[in-house]
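Here the sequence shown stands for residues 51 to 218, where the numbers follow this note's numbering. One structure is given below, encoded as structure tokens.
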Amino acid sequence: MGRRDFLFKWLFYALTALGFVLVQVFGLVHIRIWGVHPFLFPVLVSTVAALESAHESAVFALATGAVLDVTMSGVIPCFYTVAFLVVFFLAQILSAKVLSQPFFCCMLCGVLSIVCTDLLQMLFLNSSVSFSVRAALLLMGKELLLTLPLMPLIYLPDSKIRRFFHQE
Numbered sequence: 051m052g053r054r055d056f057l058f059k060w061l062f063y064a065l066t067a068l069g070f071v072l073v074q075v076f077g078l079v080h081i082r083i084w085g086v087h088p089f090l091f092p093v094l095v096s097t098v099a100a101l102e103s104a105h106e107s108a109v110f111a112l113a114t115g116a117v118l119d120v121t122m123s124g125v126i127p128c129f130y131t132v133a134f135l136v137v138f139f140l141a142q143i144l145s146a147k148v149l150s151q152p153f154f155c156c157m158l159c160g161v162l163s164i165v166c167t168d169l170l171q172m173l174f175l176n177s178s179v180s181f182s183v184r185a186a187l188l189l190m191g192k193e194l195l196l197t198l199p200l201m202p203l204i205y206l207p208d209s210k211i212r213r214f215f216h217q218e
């Protein structure tokens with residue numbers, strides 16, 4: 051793949067991610083079912099990490115985490131950068147060693163990304179504030195149930211980008 055194709059591929063990934071960020075910020079945060087809303091950001095990172103090579107998707111995970119840390123408050127400073135790096139490592143291990151079917155791999159990585167991000171949030175939150183672990187796990191389950199139907203919508207454009215640029 052040439053330099054121009056490489057730049058266009060990541061430009062398309064960035065534009066797709068921006069589209070989902072806009073959907074999250076202007077649409078999904080206003081949809082509250084069971085007191086929670088779907089959370090797409092970890093799924094964006096895990097899907098790209100499962101589809102692309104380690105070096106390229108690591109940069110994507112770092113950039114996405116840094117942008118979210120600048121624009122959203124986390125449990126600790128740089129929370130999303132740390133969480134998305136963990137999500138990236140899990141997705142890379144699963145896609146390289148465990149699952150060969152991209153769709154199922156991306157769905158499993160998406161589920162694990164939500165679980166991992168929420169568990170890290172609980173871990174860091176527990177060090178500063180007392181809370182009920184049972185309530186936090188219930189909240190994570192609700193968030194996962196709401197995000198699960200949206201995961202294929204993230205996979206479809208990302209897989210088309212991958213197929214388009216890897217068919218050559």
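Here a beta-carbon is modelled for each residue, glycine too, at the ideal position from N, C-alpha and C.
- F134 is positioned such that its CB atom lies closer than 7 Å to that of A111.
- For the alpha helix (DSSP H) assignment, the uninterrupted runs of no fewer than 4 residues enclosed by the region 96-152 are, from N- to C-terminal side, 104-121 and 129-143.
- Sequence-distant Cβ neighbours of D168 in its own chain, meaning closer than 6 Å and more than five residues away, are M190.
- The three-state reading of DSSP puts V165 in helix, counting H, G and I together.
- DSSP places Q217 outside any alpha helix (DSSP H), giving it a letter other than H or E.
- In the three-state scheme derived from DSSP, where H, G and I count as helix and E and B as strand, V93 is classed as helix.
- Boundaries of the alpha helix (DSSP H) around V183: V183 to T197.
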